[in-house]
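Student:
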Amino acid sequence: MSETVGAEAVREDVPTTSDAVDAPLLEVDGLRKEFGGVTAVDGASFRVAPGSFTGLIGPNGAGKSTTFNCITGIHDPTGGTVRFDGTDVTGLPPYTLAQRGLVRTFQIARELSEMTVLENVMLAPPEQSGESALHSVLPGLRDDVQTAEREVVEDAWATLEFFEIDHLAHENAGSLSGGQRKLLEMARVLSTDPEMVLLDEPLAGVNPTLEEKLLDRIDTLRQDGLTFLLVEHDMDVIMSHCEHIIVMHQGQVLAEGDADTIQSDDRVLEAYLGGDV
Amino acid sequence: MSATENVREQLESLPDYGLVALFLAGIWLILTVLAFAVGGPQAPNLAAGFIGSVTVLLGAYAILTLALNLQWGYTGLFNIGVAGFMAVGAYTTAILTAPANPEAGAVAGFGLPLWVGIPGGMLMAAIVGGLAALPALRLRADYLAIVTVALSEIIRLFVNWNGVAELSLFGVEFGTGGATGISFESPSAVVAGVVNGVGSPLVSAANGLGVSGPNVVNIVYGLTLLAVVGGSYWVLSRLVNSPFGRVLKAIREDEQVTQSLGKDTRLFKIKAFMIGCALMGLAGVLFRGSAGYISPAQFRPTITFYVFAALIIGGSGSNTGSILGAATFSALLFYLPARLGEFFPSLRGQAPGNIIEAIAGLGSLDPGPLVAYTVSNVSTLRFVLIGVVLIYIIQNRPQGLLGHRNEPAASVGLSRPRAADGGGDDE
Numbered sequence: 001m002s003e004t005v006g007a008e009a010v011r012e013d014v015p016t017t018s019d020a021v022d023a024p025l026l027e028v029d030g031l032r033k034e035f036g037g038v039t040a041v042d043g044a045s046f047r048v049a050p051g052s053f054t055g056l057i058g059p060n061g062a063g064k065s066t067t068f069n070c071i072t073g074i075h076d077p078t079g080g081t082v083r084f085d086g087t088d089v090t091g092l093p094p095y096t097l098a099q100r101g102l103v104r105t106f107q108i109a110r111e112l113s114e115m116t117v118l119e120n121v122m123l124a125p126p127e128q129s130g131e132s133a134l135h136s137v138l139p140g141l142r143d144d145v146q147t148a149e150r151e152v153v154e155d156a157w158a159t160l161e162f163f164e165i166d167h168l169a170h171e172n173a174g175s176l177s178g179g180q181r182k183l184l185e186m187a188r189v190l191s192t193d194p195e196m197v198l199l200d201e202p203l204a205g206v207n208p209t210l211e212e213k214l215l216d217r218i219d220t221l222r223q224d225g226l227t228f229l230l231v232e233h234d235m236d237v238i239m240s241h242c243e244h245i246i247v248m249h250q251g252q253v254l255a256e257g258d259a260d261t262i263q264s265d266d267r268v269l270e271a272y273l274g275g276d277v
Numbered sequence: 001m002s003a004t005e006n007v008r009e010q011l012e013s014l015p016d017y018g019l020v021a022l023f024l025a026g027i028w029l030i031l032t033v034l035a036f037a038v039g040g041p042q043a044p045n046l047a048a049g050f051i052g053s054v055t056v057l058l059g060a061y062a063i064l065t066l067a068l069n070l071q072w073g074y075t076g077l078f079n080i081g082v083a084g085f086m087a088v089g090a091y092t093t094a095i096l097t098a099p100a101n102p103e104a105g106a107v108a109g110f111g112l113p114l115w116v117g118i119p120g121g122m123l124m125a126a127i128v129g130g131l132a133a134l135p136a137l138r139l140r141a142d143y144l145a146i147v148t149v150a151l152s153e154i155i156r157l158f159v160n161w162n163g164v165a166e167l168s169l170f171g172v173e174f175g176t177g178g179a180t181g182i183s184f185e186s187p188s189a190v191v192a193g194v195v196n197g198v199g200s201p202l203v204s205a206a207n208g209l210g211v212s213g214p215n216v217v218n219i220v221y222g223l224t225l226l227a228v229v230g231g232s233y234w235v236l237s238r239l240v241n242s243p244f245g246r247v248l249k250a251i252r253e254d255e256q257v258t259q260s261l262g263k264d265t266r267l268f269k270i271k272a273f274m275i276g277c278a279l280m281g282l283a284g285v286l287f288r289g290s291a292g293y294i295s296p297a298q299f300r301p302t303i304t305f306y307v308f309a310a311l312i313i314g315g316s317g318s319n320t321g322s323i324l325g326a327a328t329f330s331a332l333l334f335y336l337p338a339r340l341g342e343f344f345p346s347l348r349g350q351a352p353g354n355i356i357e358a359i360a361g362l363g364s365l366d367p368g369p370l371v372a373y374t375v376s377n378v379s380t381l382r383f384v385l386i387g388v389v390l391i392y393i394i395q396n397r398p399q400g401l402l403g404h405r406n407e408p409a410a411s412v413g414l415s416r417p418r419a420a421d422g423g424g425d426d427e
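Listed in order, the protein sequences are those of chains A and B.
FYI, the numbering for the first sequence is 1 to 277, going by the working numbering.
FYI, the numbering for the second sequence is 1 to 427, going by the working numbering.
Below you can see the structure in the form of C-alpha cells.
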C-alpha cells in the first residue's frame, strides 16, 4: 500500500511517525487521559490513512482501549485533539461520531441480548424515518416508515448472510455463542454505513476458522474503501494483515511502522518482555 | 401437567385481542357467579355493581400499566413516581375545569370544558415528566428512580399545601383546594348524561332486570375506560413496533452501544418518558377523578407499586401482557378478595380477634378459627396474597405472563425477503 510508511527511510529515527500520511482520515494529536492520579494515555499521537488496515498493539495497560474510548467519545480526553476526516471531533458524543462515519466495536461483545439477531442489525442503519415517534404512529406517515423498513429488513438479511449468521436471525442475541456474538457485533457496526471502524480485540475468543472468516470479511470490506483500526493481541494476525502498526507503551506511542520495522525494534521487544525503557 | 400444558398452548395460539376478551369475560363471569351466590333477590343489581366497579378499576390499571411498560418495560426507565404524574394530570384537569364561580366554600377554577381539561392535564403531566427527566436522564437508571419517587411526594405535598389552596393571580382565582381537595366537572357525570339521555331505553331495560341506573352508568363508564385502553394500546403498539421502539429496546439493553451505533439516546428517552407520563396523567383524571373530586390523599405512592406489581405479573416489555397483568392484579388480587370477605358474614361471627388465636386452633387440629380469621380479614390479607403472587412470579416466571414472547420491534414482517438461495427457511 502506497500510504504505508517506508521502513528503510525512517529506520534510524525510531519511533517512526506517520507524518508521511498526507491526508489522514483519523489524526490523534497529543491525546491525554487521566483517571484521578493515573495517566492512562500520556500524549499519544498517530495518524491513520484512509483505506488502511492499521494495527494498534502494546502490552496490557498500555492505554490502547482508553485511546479507543477517547477517540469514540466514550471518554472525554483530558487533553489533546482528535481529528476525523479533516474536522476536530475531540470530545464529541459517540452518536455524533457514528453519524459522521466513525464507529467501534467493544472488547467484550455487547450484544443487545433480549433482542433478536435481526433486530440487533436492523437497529443500526442511520436516518430511519420510523425513529420519529410521530412517523411511526400517524396513519399516513407510517406507510413511508413501512416502505423504508422493508428495505432495512432486506439489507439486514443480506448482512447476516454475509456473516453467515442468518440461520440465527430470529434467536435472541443473548443465546449466541461467543464467536457468533463477535460476528453479530461486526455485522451491526457495518450496518451503520461507516467510513472507519475501530475494532477492539475482535478476534479474542474466536476459533481459528472463524478468525480466518472475519479477516476475509475485513479484507473484502477494505476493497470497498473502509478503513480499519485494530487492537489485537494476536501478533501473527497483526504482522500478517496490518500494513501499518502502532505500538503503545505506558500511554505513549513507542514505535510505528510496518511489520518488519516493528519486529526488529528493540524497544518494542523490551516493552513486551517487561523491561524498562 | 400435560393438561395444563395443553390449555396453555391453546391460550397462546389465540390472537391477542381474543386472549384479553377471554380474560375479561372470565372476570365478569366470576363476579356474576359470586353475586348470584350471595345476592338473593338483589343479585342482578349486585352483579352489575361488581362488573361496573371492576371494569373501571381494570381499565384504569391497564392504562397505567401500558404507560409504565413504555417507560420501564421498553426503555428501562425506572419511574417510581407514577402517582405523582397521575396527580399532575388530575390536578391540572381539575383546575382547568372547576367552575369559575363556584358555590360558597369551593375552590374556583377556569371553568373550561372537560375536552379541553383532559388534554391539558395530559400535556402538563408530559411537561413535568420531561422536566424531571432532563437532568436525571443523563444519569444512571437508579438516579431517575430517586428523582421520580421524590418528585411524586413533592407534588402530593405541594397540592396539599395550604398556600396554594386558593390563589389569586392577576385577578384570576384558582387553587388546588389543599387538603380538602377540589371539585370539578365529573367525567362520569358526562358519561351519565349520555347514558340517561341517548341511552335512556337501555336504562329502563336495565331497570326492568332490577339493575339500578347508577350501576348502568358505572358499567358504561368502565366500558369507556376500556375504549381508552384500546386507543392507548393502538398508539403504543404502533409506537413500539417501529424503528423508534427498536431504539427504546436497545437503550434498555445497553445505552452505550446504542449511542455507539449513532442514536442520540437522550431524545428517545425523553420522548418515551413524556408519552408515558401523559398517559399516567390521563389515568389520574379518569380513575381518581372519575367522580369529579380529587384530594392529595388519592395520590399516595402505594399506587405506583401496584402498577409495578401489575406490570411484573403481566410481563414487562409486552403491551398485551400489561393489560393481562393489570386485569390479574386489579380484578383477581385486589377487587375479588375484598368482595369475598364482605360476603361471607356467616363465618365472621366466630372469627377470632387476632392471628394468635387463629393459629392456636391448629394445635387442636381445628382449622376453623384460621379459616374464619382469614376470610374476615381478607381485605387486609389480600396484600399478603399480592406479595406471595409476586414472589412466586419472580422466582418461577420472572418474565411474567407474556414477557417470554419474542416480540421484535419492527413495522413489517421479518421473514427472509426473497426465496432463500443458500439454505431453507425451515429452521
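Even glycine gets a Cβ: it sits at the ideal position worked out from N, Cα and C.
#1: Got a sec? Which residues, its chain only, sit under 7 Å from Q190/B by beta carbon, not counting five neighbours each side?
#2: As an exercise, report each continuous alpha helix (DSSP H) stretch of at least 4 residues that is fully enclosed by the stretch 127 to 199 of chain B, in chain order.
#3: Between which two residues does the alpha helix (DSSP H) harbouring S260/B extend?
#4: Taking the alpha helix (DSSP H) that F268/B belongs to, which residues open and close that run?
#5: Should the stretch 141 to 148 of chain A be called in touch with the stretch 282 to 289 of chain B, which here means at least 3 C-beta pairs below 8 Å?
#6: Would you mind working out which of A94/B, V107/B, G130/B sits nearest V116/B, comparing C-alpha positions?
#7: Is there at least one Cβ from chain A nearer than 8 Å to G262/B's Cβ?
#8: Taking the CB atoms as reference points, tell me whether V268/A and V197/A lie closer together than 8 Å.
#9: Could you pull the start and end residues of the alpha helix (DSSP H) that V371/B belongs to?
#10: Could you tell me which residues DSSP puts in a beta bridge with K33/A?
#11: Starting from E164/A, trace the alpha helix (DSSP H) in both directions and tell me its first and last residue.
#12: Considering only the beta carbon of each residue, do I63/B and L324/B sit closer than 8 Å?
#13: What does N215/B reach in chain A if we use C-beta pairs closer than 8 Å?
#14: From this set, R100/A, E111/A, I74/A, G80/A, which residue's C-alpha is nearest P93/A's C-alpha?
#15: By Cβ distance, which residues of its chain are closer than 7 Å to L11/B, with the 5 residues on each side in sequence left out?
#16: Which of the three DSSP states, helix, strand or coil, is assigned to M196/A?
#17: Taking the beta strand (DSSP E) that Q252/A falls in, what are its first and last residues?
#18: In chain B, which residues lie with their C-beta within 8 Å of the C-beta of V145/A?
#19: Would you mind working out which of G89/B, K263/B, R140/B sits nearest G129/B, comparing C-alpha positions?
#20: Does DSSP classify I245/A as helix, strand or coil?
#21: Comparing alpha-carbon positions, which option in P50/A, K33/A, D234/A, L56/A lies nearest T227/A?
#22: If you measure from the beta carbon of M186/A to each beta carbon in chain B, is any gap under 8 Å?
#23: Among L311/B, I356/B, A338/B, which residue has its Cα nearest to the Cα of Q71/B?
#24: Determine the extent of the beta strand (DSSP E) in which L414/B is found, giving its start and end residues.
#25: Look at K249/B and Y74/B and say whether their C-beta atoms are less than 8 Å apart.
#26: Do G55/A and E232/A have their CB atoms nearer than 8 Å?
#27: When you compare the CB of E255/B with every CB in chain A, is at least one pair closer than 8 Å?
#28: On a Cα-Cα basis, can you pick out the residue from N79/B, T258/B, A326/B, I27/B that is closest to L151/B?
#29: At a Cβ threshold of 8 Å, is V10/A touching chain B?
#30: For R238/B and chain A, any beta-carbon pair shorter than 8 Å?
#31: Within the continuous beta strand (DSSP E) that includes G79/A, where are the two ends?
#32: Can you tell me whether V289/A is helix, strand or coil according to DSSP?
#33: Using a Cβ-Cβ distance cut-off of 8 Å, determine whether S113/A contacts chain B.
#34: Going by C-alpha distance, which of G193/B, A358/B, Q395/B, V54/B is nearest W28/B?
#35: Report yes if the C-beta distance between T105/A and A173/A is below 8 Å; otherwise report no.
#36: Report the three-state DSSP secondary structure of V14/A (helix, strand or coil).
Tutor: Result, derived from the coordinates:
#1: Here the question's residue 190/B lines up with position 190 in the second sequence. The amino acid occupying residue 190/B in the given sequence is Val; Gln does not appear at that position. Contacts found: L114.
#2: 141 to 160, 187 to 197
#3: The sequence position of residue 260/B within the second sequence is 260, counting from 1. Start and end: 255 to 260.
#4: The residue labelled residue 268/B in the question sits at position 268 within the second sequence. Here the alpha helix (DSSP H) through F268/B covers 265 to 283.
#5: no
#6: Stepping through the second sequence from its first residue, residue 116/B is reached at position 116. The shortest C-alpha separation from V116/B is found at A94/B.
#7: Residue 262/B sits at position 262 when you count from the first residue of the second sequence. With 8 Å as the cut-off, G262/B counts as an interface residue toward chain A.
#8: Numbered from 1 along the first sequence, position 268 holds the residue referred to as residue 268/A. Numbered from 1 along the first sequence, position 197 holds the residue referred to as residue 197/A. In this structure, V197/A does not lie closer than 8 Å to V268/A by Cβ.
#9: Position 371 of the second sequence holds residue 371/B. Here the alpha helix (DSSP H) through V371/B covers 368 to 376.
#10: Working through the first sequence from its first residue, we reach residue 33/A at position 33. According to DSSP, K33/A bridges with V41/A.
#11: Position 164 of the first sequence, counted from the start, is the residue given in the question as residue 164/A. Counting along the chain, E164/A falls outside any alpha helix (DSSP H), and DSSP gives it neither H nor E.
#12: As a first step, residue 63/B must be located in the second sequence, where it is residue number 63. As a first step, residue 324/B must be located in the second sequence, where it is residue number 324. Not in contact: I63/B and L324/B (Cβ atoms no closer than 8 Å).
#13: Working through the second sequence from its first residue, we reach residue 215/B at position 215. The premise fails here: N215/B is roughly 36 Å from chain A at the closest Cβ pair, so nothing lies under 8 Å.
#14: Along the first sequence, read from residue 1 onward, the residue named residue 93/A stands at position 93. P93/A has its Cα closest to that of I74/A, out of R100/A, E111/A, I74/A, G80/A.
#15: One-based indexing of the second sequence puts residue 11/B at position 11. Taken in chain order, the residues that qualify are L19.
#16: Stepping through the first sequence from its first residue, residue 196/A is reached at position 196. If DSSP states are grouped into helix, strand and coil, M196/A belongs with the strands.
#17: By one-based count along the first sequence, residue 252/A stands at place 252. Its beta strand (DSSP E) spans residues 252 to 257.
#18: As a first step, residue 145/A is located in the first sequence; it is residue number 145 there, counting from the start. By Cβ distance, chain B contributes S242, P243, S411.
#19: Counted from its first residue, the second sequence places residue 129/B at position 129. Comparing Cα positions, the closest option is G89/B.
#20: In the first sequence, the residue the question calls residue 245/A occupies position 245. DSSP places I245/A in strand when its eight states are reduced to three.
#21: Here residue 227/A is taken as the residue at index 227 of the first sequence, counted from 1. It is P50/A whose Cα lies nearest to the Cα of T227/A.
#22: As a working note, residue 186/A is residue 186 in the first sequence. No, its Cβ sits nowhere closer than 8 Å to a Cβ of chain B.
#23: Here residue 71/B corresponds to residue number 71 of the second sequence, with the count starting at 1. Comparing Cα-Cα distances from Q71/B to each of L311/B, I356/B, A338/B, the minimum goes to L311/B.
#24: On the second sequence, position 414 is the one that residue 414/B refers to. Premise fails: L414/B is in no beta strand (DSSP E) and is neither H nor E.
#25: The sequence position of residue 249/B within the second sequence is 249, counting from 1. The sequence position of residue 74/B within the second sequence is 74, counting from 1. It is a contact, given that the beta carbons lie within the stated cut-off.
#26: Against the first sequence, residue 55/A aligns to sequence position 55. Against the first sequence, residue 232/A aligns to sequence position 232. Against a cut-off of 8 Å, the Cβ pair of E232/A and G55/A comes out as a contact.
#27: Taking the first residue of the second sequence as position 1, residue 255/B is located at position 255. No, its Cβ sits nowhere closer than 8 Å to a Cβ of chain A.
#28: If you number the second sequence from 1, residue 151/B lands on position 151. Ranking N79/B, T258/B, A326/B, I27/B by Cα distance to L151/B puts N79/B first.
#29: Within the first sequence, residue 10/A is the residue found at index 10, counting from 1. At V10/A, the pLDDT of 35 sits below 50, so the modelled position is not reliable; the number obtained from the coordinates is stated separately. It does not; no Cβ of chain B falls within 8 Å.
#30: On the second sequence, position 238 is the one that residue 238/B refers to. R238/B counts as touching chain A.
#31: Against the first sequence, residue 79/A aligns to sequence position 79. Its beta strand (DSSP E) spans residues 79 to 84.
#32: Only positions 1 to 277 of chain A appear in this structure, which leaves residue 289/A out of reach.
#33: As a position in the first sequence, residue 113/A is number 113, starting the count at 1. Yes, S113/A counts as interfacial toward chain B.
#34: Along the second sequence, read from residue 1 onward, the residue named residue 28/B stands at position 28. Selected option, being the one with the closest Cα: V54/B.
#35: Stepping through the first sequence from its first residue, residue 105/A is reached at position 105. Stepping through the first sequence from its first residue, residue 173/A is reached at position 173. The answer is no: Cβ separation not under 8 Å.
#36: Position 14 of the first sequence, counting from 1, holds the residue named residue 14/A. Low confidence applies here, because V14/A scores a pLDDT of 33, under 50, leaving its location unreliable; read the following figure in that light. Three-state DSSP puts V14/A in coil, outside helix and strand.
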